[in-house]
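*Asks:* The following block contains the structure, expressed as C-alpha cells.
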Amino acid sequence: MDKREEKAEMTVQQNREFEDFAADVERGLAAEKKYISPKYLYDEVGSQLFEQICLQPEYYLTKTEASILNKHAPVISKLAGSNIEIIELGSGSSSKTAILLRYLSLHKKRIYYFPIDISSSILMESTRRLKSQFPNVSIIGIRSDYNIGIDKAAAAIATAGCMSAERNPEIPDMKLVLFLGSSIGNFELKEARSLLGSVRKKLHTNDLLLVGFDLQKDESVLNAAYNDNAGITAKFNLNLLTRINRELDGNLELGKFEHHAFYSPEQQRMEMHLVSKTDQQLYIGALGKTFSIRKGESIHTENSYKYTLNQIAALADDCGFTLGKNFMDKNRWFDVALLSPS
Ligand code: AVI
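Residue 22 is where the sequence shown starts when you use this note's numbering, and the numbers rise one by one after that.
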C-alpha cells in the first residue's frame, strides 16, 4: 500500500469512527436509562488519564497484575516455544508486557511483538520506548480494534515467512495472545464470550492466551479504586463530555455533571456514571438534536465486572479453552489466567 492509499484508508476509518460515535451517542442519550459505551472514554486525553489512574495508590489492579507477571514470568516463558509471536489486545503503555519481554528476550531465539491499541499516540510512544529497550525484539504496533488487529499480526508473520525461499527458522512456532489489565471486565458476559470465542478461532492448539481478571473482593477496596483521592478517575469519566463537545459539536457543561462510581453486589460489577446536577438540555450539533436530562439522572459510562475463579473457568470452557493455571497474588485480588485451546 503506498502513502496515498494509506491516507485514503485512514480517512475512511476516521469517517466510520465519527459515524459510529455519533450514532452511539444518539442511541445512548435517547434511551430510557442513558448510557454511552466505555470504549469512547479512550480518546488521546482519556488514554493518558487512564495511564495516570494506573499510578494512583488506590488503583491496585495494575500494580497487582504487574507483581504477578514479575513472579511468574519464568513459568510463562517455559511454556512458550523458542520463537514466539506475542499479540497484545489493548496494549496501552505496554508496561506490564515489558515485564514479560525482559524475561523472554533473554530466553527466546526470536520474538515478534504486536501491540494492538486504538490510541495512536500511546502506541507510537510505547513502541518507540520498547524498541530501544529490547533491540532484539521485532515490534510492530497496530492501531486497530482487536479482531482486525489479530488478523493484521498474522498477515505480517505470513509475509515474513514468504520472504524466504525455505521455511524461515525465525518464524514463530507459537502465538501468545495477551489480554491484560482486566479489560475483559469492561465487557458484558455475552461480549466477553464473543471476543474470547473469536480469539479462539484464530489460535492453533499449541498457542496460549493470558487474560487478566480482577477478582471479587471487599467493596471498600473496589470503591476506593474507582474514586481515587486525586480525582483522576473523575477527570477520566468527565473527559467523555469534552470529547462529545469537540467531536460532535456538543454544548455539555462539565460543571453540571459529577462522577459517580460504586460497586453493585447484585451485578458483581463496579459501575461508573456521570450524574446530572440539574435539569438540563444537552445539545449535540452533529446530530442537530437536543436531549433532556433531569437532576439526579445519570449517563452510565462503564461497567467493570469482578470475577470469581469459577466464573473464569466457566467462561474459558464456554469459549473453547482449557484453563491451565490461575496466577494470583497472595491476597487473591487479581488473576492472570492461562488458557490453552481445548
Ligand atoms: C481499562 N479498565 C480495565 C479499567 C477498569 O478498571 O475497569 C478502566 C477504568 N475505569 C475506571 N478506572 C479504570
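The beta carbon of each residue, even a glycine, is placed where N, CA and C say it ideally should be.
Predicted, not measured: the structure shown is a model, and the values here were computed from it.
If you check the beta carbons only, do residue 199 and residue 118 fall under 8 Å apart?
*Replies:* It is a contact, given that the beta carbons lie within the stated cut-off.
*Asks:* Contact check, residue 116 vs residue 157 under 8 Å by CB: the rounded distance?
*Replies:* The beta-carbon separation of residue 116 and residue 157, rounded to 19 Å, does not stay under the 8 Å limit for a contact.
*Asks:* Compare the C-alpha of residue 159 against each of 141, 172 and 122 and name the closest.
*Replies:* 122
*Asks:* Would you say the beta carbon of residue 74 is closer than 7 Å to some non-hydrogen atom of the ligand AVI?
*Replies:* yes
*Asks:* Name the one or two DSSP bridge partners that residue 363 has.
*Replies:* Paired residue(s): none; residue 363 is not in a bridge.
*Asks:* Using only the alpha-carbon positions, how far apart do residue 215 and residue 208 sit?
*Replies:* So the two alpha carbons sit approximately 10 Å from each other.
*Asks:* Does the beta-carbon of residue 85, which I'm using as the reference point, lie nearer than 7 Å to any heavy atom of the ligand AVI?
*Replies:* Flag unset: Cβ of residue 85 not near the ligand AVI.
*Asks:* Near residue 240, what residues of its chain come up, given a Cβ to Cβ distance below 8 Å and the 5 sequence neighbours on each side ignored?
*Replies:* 284 and 286
*Asks:* Quick one: is residue 196 buried, meaning 16 or more other Cβ sit within 10 Å of its Cβ, or exposed?
*Replies:* Result: buried.
*Asks:* Under the rule that 16 or more other beta-carbon atoms within 10 Å means buried, what is residue 351, buried or exposed?
*Replies:* exposed
*Asks:* Residue 15 by DSSP, collapsed to three states: which one?
*Replies:* With the chain covering only 22 through 363, there is no way to say anything about residue 15.
*Asks:* Out of curiosity, what's the CA-to-CA distance linking residue 135 and residue 76?
*Replies:* Residue 135 and residue 76 have their alpha carbons spaced roughly 24 Å apart.
*Asks:* Reducing DSSP to helix, strand and coil, say where residue 364 ends up.
*Replies:* Since the first and last residues shown for the chain are 22 and 363, residue 364 lies out of range.
*Asks:* Check whether the stretch 89-101 and the stretch 24-32 touch, using three or more Cβ-Cβ pairs below 8 Å as the test.
*Replies:* no
*Asks:* Please confirm whether any heavy atom of the ligand AVI lies closer than 7 Å to the CB of residue 82.
*Replies:* yes
*Asks:* Can you give the Cα-Cα distance for residue 146 and residue 84, rounded to whole angstroms?
*Replies:* 21 Å
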